[in-house]
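Q: What follows is a single structure, and I will ask about it in a moment.
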Amino acid sequence: MSESSLLAPALAWSGHLRRRLQNSPGFADWLATAAPQPLDEVRLAQWLCELRAERIAVASDEPGRAMPSADCRSVLRRLRDRVFCVAMVRDLAGLAPLEEIVGAMTQLAEIAVAESYRSIAAELTEVHGVPREAVSGAPQEMLIVGMGKLGGQELNVSSDIDLVMLYGDEGDTDGPRPISNHEFYGRLTRRMMPVISEIDADGHVFRTDLRLRPDGDSGPLAWSLDAFENYLVSQGREWERYAWLKGRQLPARAFAGSTPDAQEAQLEGLRRPFVYRKYFDFDALAALRSLRERIRQDWNRRASARSGIESEDNVKLGEGGIREIEFVVQLSQLVRGGRLQALQTRGLLSALHAERDAGLISPADAERLEKAYRFLRRVEHTLQYREDQQTHLMPSDPEQRAALAQVLGFADTAAFEAVLAEHRSFVEATFRNVFRMTGMETPADDAAPDTVAEDPDAALADRIANRFGNDAPALQSRLEAMARSSRIRSLPETSQRRLSALLPAAVDAAAATQAPAAALARLFDLIETIAQRSAYLALLAEYPETLARVARIVAASDWAAQYLMRHPLLLDELLDWRTLLAAPDFTVFANELAAELDASVIAGNPPTPDVESQMNVMRDAQRQLSFHLLAQDLEGRLSVEHLGDHLSMLADVLLNETLRRVWPHIKGADPSVPPRIAAIAYGKLGGKELGYASDLDLVFVYDDPRDDALEIYSRLVRRVMSWMGSMTSSGRLYEVDLRLRPDGDAGLPVISTEALERYQREKAWPWEHQAITRARFAAGNAEVGARFEQIRCDVLLMPRDAQALATEVRAMREKIHAGHPNTSGQFDLKHDAGGMVDVEFVTQYLVLLHAREHPSLLKNLGNIGLLRLAEQAGLIPTGMAEAAGDAYRSLRREQHALRLQGIDKARLPADRLVAERNTVIALWEAVLGARGRSHA
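Once you know that position 466 of the sequence shown is 466 in full-length UniProt numbering, the rest is easy, because the numbers rise by one and skip nothing.
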């Protein structure tokens, strides 16, 4: 593109540019030379140096010296002129993406803030001295926070900049006329703003706005961090959370020797928990709905005042405009960002991508929102290029409208307006449905439960009596006991009202389940447990569909009810039933978990991992996915086998991530070199039959030639055990059992592959060979895992005497039966003759005895799959594998159902599952012969 054609689109569109070139003819040549290259940080810094040198005599300008304020004003305005004009030419010529334009404007704003701050600070320091920290005496910087689009690094080309001024200690300056730091920073702010915002012969840089500071125009210009913290705790409102979501410390320094890192970390430590709440704040949802409606009402009021002219023409504030896209994206950040740290990003597009990756918005909708945002921002910038005005209004004049369409690359006005209308229609529909889209549907107008004003207690008693018949007295007694509890009696008035509205709805929800009385009793227990958390009372009271889901879950399972009471944050997961019932994608889960853990850092230079936060992230992730599986289980969406597979895969992912996170903290470890260690799963985890509350049976093996390998990996395993087993504010991840390692409790926490192979060949008991049939590589170094798998195969291929092996297996079976005596007269699904242990021992015997001749038995396929292979190899009678597999499946299903009812010992009346029990006994006798009298 020639220099003249490069400028042509901008000159055709922008009256501002035409006047600029008429007033300074030489500027056209400069612009034509400068515009072909992208705008970036290096170019802006280069231009700043050039303009500074032109303004200030080189001999009198010491490197790094702050410019006098008059010179600073002039230099910044001339720099802004260059950036604006180059951005216009490149943008309208189709050479600059959105990221380049907003990045350049953001960089310009950061330069303007930093230079004006240094300039005014230097002038004030000459009179009052340097502000000092009260304790250390070090120079104290002002903390300048960019809000809004400046904080998000996405300024438009004619934007205001929103700033908040903060500082650390309430000390004093050290000059001949000392003043308090508070007064110093107030004066600095007051004198600094005109340097950036006043219009003079050179124009202006940015309009500045300080109204987002605490107390707005009525508050001090600069706040100490302590005062700021007190304000957030006592007065911080929901719209301020919205405002501070993008708040970002700007890189401005004025004093040599200052060390503001601690204050910056303190500020970020205040901002994050204020903006991002760990638990979904359903009290806040009402405020956010009000904010959404205020956006609508504010626009409608202004549009009405202008006879509706702006309703379709304002690309920012009108329906389907930029503001609505921002609200859609930022709502999910505010409500879910405390739990999904990947959402804690300031940029709108990066936040939208994070929400898409987290499954909060579909890829198709995310793509359409992004396209709409990019299109509307380009239209916005084009409108502002015309006269260098902060406008978002499209021209009403048909000729100007046609010119706008042409400069944007459309054939005519109709083509442009068709695309514009399509984008805005989608944005408007998304904005209207934003709470439904994020899984937080606005309650229906008639959702509030009916109450009886005159005597609500009597009305509730009647409600229970009418719906629960003979169970009503016991339920009424439970309700009365709850009312007397300290948790309920100490509730504030607002929560008491919410509870009064919730209880009748809970009665109705329980009555609609398959086990009404049990459901209501469990709902009462749950409500009492969460009563002190008003957000959860709000959730159940205001979202009847969520309450109905809770009722169905607690009706189906006492264990599930207890699980919810232990982990009430899981109530959040019930908002979006479709997501809750979606099949888990463990690749996505692992990626999201890694991103969340990477984001869990303590601010600093460089940031360091926040170990406690990471441990809680893992525990919360485990609870959430387990609860998804529980909901699918109770809805009949999962077989027992699939549930075991999913829970085992979840444990594998968490175990692998634990190894990764712990390794850099081990003394003597090289964080840049992955550890050569593997976690080997045994027992239920090894057989992929894990339950909701199962322990993890693990053996850790390493293969590393370094001399101190045993010491290093022993430390690592102990740290892994602590990481997974420690009780944090989010609970415990897993109980880990290492007793199946060589030499059991007397052995080392980790063993080399060489030592493991030697032990298995020379010292292992037969039952340890039985155990290794179910063992598998679960997490860690894949090469070490492959080495273990080879050792396992070699052990299983060892020659064995059938008679001796059968004797050992029968003896171990008798020992296990003796260790679980059953005098109840009922059938123990696991330990009695014909129970699950019989199937497991038969399978292990077949693998150990016959894998040498039938290598297919080496595969860790689970008991049912291995029995099928054994039948195909002629090792058991035809038809027995399918019958025994079905029986084993039934036993597991019944055991699982009993566990879900909170019953520890899986026993049924002796007349239940008789056919299944006889099938398993027949399998045992066909393979291992009749059992001893004590186990008949």
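Using N, Cα and C, we set each Cβ at its ideal position, and we do this for glycine too. Nothing here was measured: the structure is a model prediction, and the numbers come from that model.
Are there three or more Cβ pairs, one per stretch, closer than 8 Å when the stretch 248-263 is compared with the stretch 139-154?
A: A contact exists between the stretch 248-263 and the stretch 139-154.
Q: Assuming GLU324 and PHE431 form a contact by the criterion Cβ under 8 Å, report the distance between their Cβ atoms to the nearest whole angstrom.
A: 4 Å between Cβ atoms; contact.
Q: Could you tell me the boundaries of the alpha helix (DSSP H) in which PHE700 lies?
A: From DSSP, PHE700 is part of no alpha helix (DSSP H) but of the beta strand (DSSP E) over 696-702.
Q: If you follow the alpha helix (DSSP H) that LEU898 is part of, which residue opens it and which one closes it?
A: Note, LEU898: alpha helix (DSSP H), 880-900.
Q: Bridge partners of ASN314, per DSSP?
A: The partner list for ASN314 (beta bridge, DSSP) reads LEU393.
Q: Is DSSP giving THR773 helix, strand or coil here?
A: THR773 falls in the coil class under three-state DSSP.
Q: Within its chain, find whatever has a CB closer than 8 Å to the CB of ALA926; leave out the 5 residues flanking it on each side and keep chain order.
A: Contacts found: ILE876, PRO877 and MET880.
Q: Please classify THR658: is it buried, with 16 or more other beta-carbons within 10 angstroms of its beta-carbon, or exposed?
A: Result: buried.
Q: I'd like to know whether the C-beta atoms of PHE206 and ALA121 end up nearer to each other than 8 Å.
A: It is not a contact, given that the beta carbons lie outside the stated cut-off.
Q: Could you tell me if PRO859 is buried or exposed, where buried requires 16 or more neighbouring beta carbons within 10 angstroms of its beta carbon?
A: For clarity, residue 859 is Lys in the given sequence; the question names Pro instead. With fewer than 16 Cβ atoms within 10 Å of its Cβ, LYS859 is classed as exposed.
Q: Could you check where the alpha helix (DSSP H) with ALA227 kicks off and where it finishes?
A: It spans 225-235 - the alpha helix (DSSP H) in which ALA227 sits, taken as one unbroken run.
Q: So, with DSSP's three-state summary, where would you put VAL89?
A: Residue state, collapsed to three classes: helix.
Q: What's the call for LYS684, buried or exposed, on a 16-neighbour Cβ count within 10 Å?
A: That one is buried.
Q: Please report the residue range of the alpha helix (DSSP H) in which THR208 lies.
A: Premise fails: THR208 lies in the beta strand (DSSP E), 207-209, not in any alpha helix (DSSP H).
Q: May I ask which residues mark the beginning and end of the beta strand (DSSP E) holding ASP365?
A: Unbroken run through ASP365 is the alpha helix (DSSP H), 363-387; no beta strand (DSSP E).
Q: For the structure I just gave you, are there three or more beta carbon pairs, one from the stretch 42-56 and one from the stretch 17-30, closer than 8 Å?
A: No, the stretch 42-56 does not touch the stretch 17-30.
Q: Taking the alpha-carbon positions, what's the ARG191 to ARG378 distance?
A: When rounded, the distance between both Cα atoms is 34 Å.
Q: For the candidate residues ASP585, VAL617, GLY691 and ASN656, whose alpha-carbon lies nearest to that of LEU630?
A: It is GLY691.
Q: Three-state secondary structure (DSSP) at TYR682?
A: Strand at TYR682.
Q: In angstroms with no decimal places, state the Cα-to-Cα distance between SER648 and ARG852.
A: Spanning the two alpha carbons is a distance of roughly 28 Å.
Q: How many Å lie between ILE903 and GLN562 at the Cα?
A: Cα-Cα distance, rounded: 12 Å.
Q: Among all the DSSP beta bridges, which residues are the ones paired with MET67?
A: In the DSSP output, where bridge partners are listed per residue, MET67 has none listed.
Q: Helix, strand or coil, according to DSSP, for PHE742 in the structure here?
A: Before going on, a small fix: residue 742 reads as Pro here, not Phe. Of the three classes helix, strand and coil, the one that applies to PRO742 here is coil, per DSSP.
Q: If the criterion is Cβ atoms closer than 8 Å, does the pair ALA778 and ILE680 meet it?
A: Yes.
Q: Give me the residue from GLY148, GLN22, ALA28 and ASP202 with the minimum Cα distance to LEU79.
A: Closest by alpha carbon: ASP202.
Q: DSSP has GLN496 in a bridge; who is on the other side?
A: GLN496 pairs with nothing; no bridge assigned.
Q: Based on Cα-Cα distance, which residue from ARG424, PRO504 and LEU245 lies nearest to ASP462?
A: The candidate whose alpha carbon is nearest that of ASP462 is PRO504.
Q: Which parts of the stretch 779-863 are runs of the alpha helix (DSSP H), unbroken and 4 residues or longer, counting only runs that do not cross its ends?
A: Within the stretch 779-863, the complete alpha helix (DSSP H) runs of at least 4 residues are 782-796, 802-818 and 836-850.
Q: Taking the alpha-carbon positions, what's the ASP585 to ALA372 distance?
A: Whole-angstrom Cα-Cα distance: 29 Å.
Q: When the Cα of ALA93 is compared with those of ILE179, LEU654, ALA35 and VAL750, which residue comes out closest?
A: Checked all of ILE179, LEU654, ALA35 and VAL750; the closest Cα to ALA93 is ALA35.
Q: Go through its chain and collect everything with a Cβ distance to GLY31's Cβ below 8 Å, but skip five positions before and after it.
A: Correcting the residue type first, residue 31 is Leu in the shown sequence and not Gly. Here the set comprises LEU7, LEU21, CYS85, VAL86 and VAL89.
Q: Classify SER159 as buried or exposed, calling it buried when 16 or more other Cβ atoms lie within 10 Å of its own Cβ.
A: Flag for SER159 reads buried.
Q: Please classify CYS72 as buried or exposed, where buried requires at least 16 other C-beta atoms within 10 Å of its C-beta.
A: CYS72 is buried by the Cβ-count criterion.
Q: Excluding the five sequence neighbours on either side, which residues of its own chain have a C-beta within less than 6 Å of the C-beta of LEU98, listed in chain order?
A: Cβ within range, chain order: ARG374 and ARG377.
Q: Measuring CA to CA, which of LEU404, VAL701 and ALA548 is closest to PRO9?
A: It is LEU404 whose Cα lies nearest to the Cα of PRO9.
Q: From VAL102 to LYS316, what distance separates their C-alpha atoms?
A: The straight-line gap from Cα to Cα measures roughly 16 Å.
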